[in-house]
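Novice: For what it's worth, our numbering labels the leading residue of the sequence shown as 313, then goes sequentially.
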Amino acid sequence: MKILITGVNGFIGSNIYNGLKDKHNILGISRSSSSKVCDQYIPCDLTDKEKLEEVIKEHLDIDVIVHCAALAHNKGNDLSKDRFMKVNYEVTKDLVDLSNEHLKLKHFIFLSTISVYGERMNKDIYIESDECYPKSPYAVAKKKSEEYIEVNCECPYYLLRLAPVYSDEFRLNIQRRTEMKGFNYIVGNGSNKLSLCNVKNIVVVVDKMIDGCVKTNETYNISDEKVYSFKDMLDINKVSSLRIWIPKIGIKMLNTINKMTIKKQFINENSIKLVTDNIYSSEKLSKKIGLKYTLIDIYKER
């Protein structure tokens with residue numbers, strides 16, 4: 313099949329490309345002028361609807377769109393709500409509309425995020441049917457994109473809510489939870505649990521969805537079947553022999569003070585993540601597909 317991957321130069325998009333290239337005819341687009349990853353590559357500013365339409369009209373035989381391109385919440389200085397809406401929501405809307413108009417897609421696969429659930433002190437486990445309370449501009453734009461697809465996409469679709477993603481080469485989502493200024497830190501006794509997602513599990517899922525092995529028009533959490541503790545992450549990301557201990561009460565006090573004073577969403581989100589369990593169950597999907605890759609595989613790849 314012919315598959316269009318948006319954001320093919322990115323971490324997740326490039327891994328999906330490498331996992332599918334031997335089975336399918338892959339067309340990659342991204343804003344970069346060139347690609348070291350994709351053989352059939354078209355540079356395209358996805359926020360330019362006219363240029364995006366030109367690409368689609370030149371490739372009317374596209375069977376599947378895997379929409380990875382997005383403005384991540386940790387990149388760049390222009391992190392205004394308007395910027396997130398333009399890049400993450402309006403581009404998705406344009407892709408859906410142009411696909412409806414010009415293509416006969418078999419599947420539209422949208423990469424969303426577990427951030428759409430929001431962070432809550434009194435909730436530990438999140439499943440797909442839970443109410444969503446997105447707070448950050450990034451999460452709000454992703455949730456609005458999901459809603460647009462559900463209502464307007466004329467082909468079978470999948471909404472994939474990704475837990476924090478990692479690989480042997482990309483450990484940012486582990487580092488930010490275990491490392492501070494060159495030292496390891498741990499909150500409380502390190503027993504709090506969280507979900508992570510090996511990028512290879514995403515590749516497996518997308519491959520199976522393209523093959524029609526998963527029920528369409530559904531939302532799926534994607535996370536490793538194994539749930540991790542902060543201690544597990546420290547075993548992976550040891551940057552020093554010195555480990556800074558931070559009491560949970562200190563983080564909770566910071567959260568309370570923040571709510572009463574400066575009210576920074578970043579502080580609220582991250583303080584909650586450090587003192588609660590954050591488990592995003594992938595059971596709905598893992599019943600159909602084995603999500604076998606884990607943090608242990610990082611050791612094996614070294």
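Virtual Cβ for every residue (Gly too), placed ideally from N, Cα, C.
#1: For the pair the segment 342 to 359 and the segment 433 to 453, tell me if three or more CB-CB distances fall below 8 Å.
#2: Answer with buried or exposed for residue 568, where buried requires no fewer than 16 other C-beta atoms within 10 angstroms of its C-beta.
#3: Rounded to a whole number of angstroms, what is the C-alpha to C-alpha distance between residue 605 and residue 515?
#4: In whole angstroms, what is the alpha-carbon distance linking residue 501 and residue 493?
#5: With DSSP as the reference, label residue 396 as helix, strand or coil.
#6: Report the rounded CA-to-CA distance for residue 354 versus residue 597, giving the unit in angstroms.
#7: Take residue 337 and list the residues in its own chain whose beta-carbon comes closer than 6 Å to its own, dropping the five residues that flank it on each side.
#8: Taking Cβ to Cβ, would you say residue 600 is nearer than 7 Å to residue 526?
#9: Measuring only the C-alpha atoms, how far is residue 477 from residue 510?
#10: Applying the criterion that 16 or more other CB atoms from any shown protein chain within 10 Å of the CB defines a buried residue, is residue 543 buried or exposed?
#11: Measuring CB to CB, does residue 341 end up less than 7 Å from residue 356?
#12: What did DSSP end up calling residue 419 once you bin it into helix, strand or coil?
#13: With the cut-off set at 7 Å, would you say residue 549 and residue 490 are in Cβ contact?
#14: Taking residue 523 as the reference, which of 369, 375, 325 has the closest Cα?
#15: Is residue 533 close to chain B? Criterion is C-beta to C-beta, closer than 7 Å.
#16: For the beta strand (DSSP E) containing residue 379, list its first residue and its last residue.
#17: What are the complete alpha helix (DSSP H) segments, minimum 4 residues, inside the segment 436 to 501?
#18: Give me the Cα-Cα distance between residue 593 and residue 484, rounded to the nearest whole angstrom.
#19: Would you call the CB atoms of residue 424 and residue 383 closer than 7 Å?
#20: Output needed for residue 415: all residues of its chain with C-beta closer than 7 Å, excluding positions within five of it in sequence on either side, in chain order.
#21: Determine contact between the segment 431 to 438 and the segment 449 to 458, defined as no fewer than three beta-carbon pairs at a distance below 8 Å.
#22: Could you tell me which of 607, 573, 417, 564 sits nearest to residue 432, measuring between CA atoms?
#23: Is the Cβ-Cβ distance between residue 674 and residue 465 less than 7 Å?
Specialist: On the basis of the supplied data:
#1: no
#2: With fewer than 16 other CB atoms across the displayed protein chains lying within 10 angstroms of its CB, residue 568 is exposed.
#3: 11 Å
#4: 20 Å
#5: helix
#6: 32 Å
#7: 314
#8: yes
#9: 6 Å
#10: exposed
#11: yes
#12: strand
#13: yes
#14: Closest by alpha carbon: 375.
#15: In the structure shown, chain B cannot be found, because there is only a single protein chain.
#16: 376 to 379
#17: 449 to 464, 484 to 490
#18: 22 Å
#19: no
#20: 368, 372, 374
#21: No, the segment 431 to 438 does not touch the segment 449 to 458.
#22: 564
#23: Residue 674 lies beyond the range of the chain shown here (313 to 614); nothing can be said about it.
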